[in-house]
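Residue numbers (the working numbering): 12 to 170.
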């Protein structure tokens, strides 16, 4: 697979990660389709292993999705705050592998809410409200896609 095709697959995966943050957008499907495209083009055992792992993980995530709360209107936080939290999770996941996703999400939501509301206590109260209403379901879905993206990136670099 050429470098340009790998860049294109990476951009599609990034688009899918951002799609997870947008209600109604098929972020998981986009991430999976990008990995499928890569695996069909780069026919190696590593590529097929990543595809099988991605398929299993995303199917498990789809099965668990109805069990997690998702009530974005109950948070009281604007959509911009939730988007900043998701962006913080994506950046944090790659800066501090795996653990940084949660830190990035919570930190970005707290920062945005502290600026919006003006006090530390109100910021933390809003973070707790966001996590109860949507945070857990968004984080689980985003983490599933981030793990797939990380596996793909690891296979491209070291595979």
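Beta carbons are placed, not taken as given, at the ideal position from N, Cα and C, and that holds for glycine.
What would DSSP say about residue i, mapped onto helix, strand or coil?
i, result
"residue 6", "Outside the displayed span of the chain (12 to 170) sits residue 6, for which this structure offers no information."
"residue 12", "coil"
"residue 88", "coil"
"residue 79", "coil"
"residue 56", "helix"
"residue 44", "helix"
"residue 110", "coil"
Give the single residue among the options whose Cα lies nearest to the Cα of residue i.
i, options, result
"residue 40", "50, 14, 51, 28", "28"
"residue 68", "160, 170, 168, 166", "160"
"residue 75", "17, 152, 139, 49", "152"
"residue 163", "47, 15, 110", "47"
"residue 148", "34, 167, 63, 52", "34"
"residue 79", "13, 64, 142", "142"
"residue 92", "121, 167, 165", "121"
Got a sec? Which residues, its chain only, sit under 6 angstroms from residue i by beta carbon, not counting five neighbours each side?
i, result
"residue 170", "57"
"residue 119", "95, 96, 99"
"residue 19", "none"
Is residue i buried or exposed, if buried means 16 or more other CB atoms sit within 10 Å of its CB?
i, result
"residue 55", "exposed"
"residue 145", "buried"
"residue 103", "buried"
"residue 132", "exposed"
"residue 134", "buried"
"residue 70", "exposed"
"residue 59", "exposed"
"residue 61", "buried"
"residue 107", "exposed"
Excluding sequence positions up to five away, which residues of its chain have a Cβ less than 7 angstroms from the Cβ of residue i?
i, result
"residue 156", "27, 28, 31, 38, 39, 42"
"residue 36", "30"
"residue 125", "131, 134"
Could you pull out every residue in the same chain whose Cβ sits closer than 8 angstroms to the Cβ of residue i, ignoring the five residues on either side in sequence?
i, result
"residue 112", "100, 101, 103, 104, 150, 153, 154, 157"
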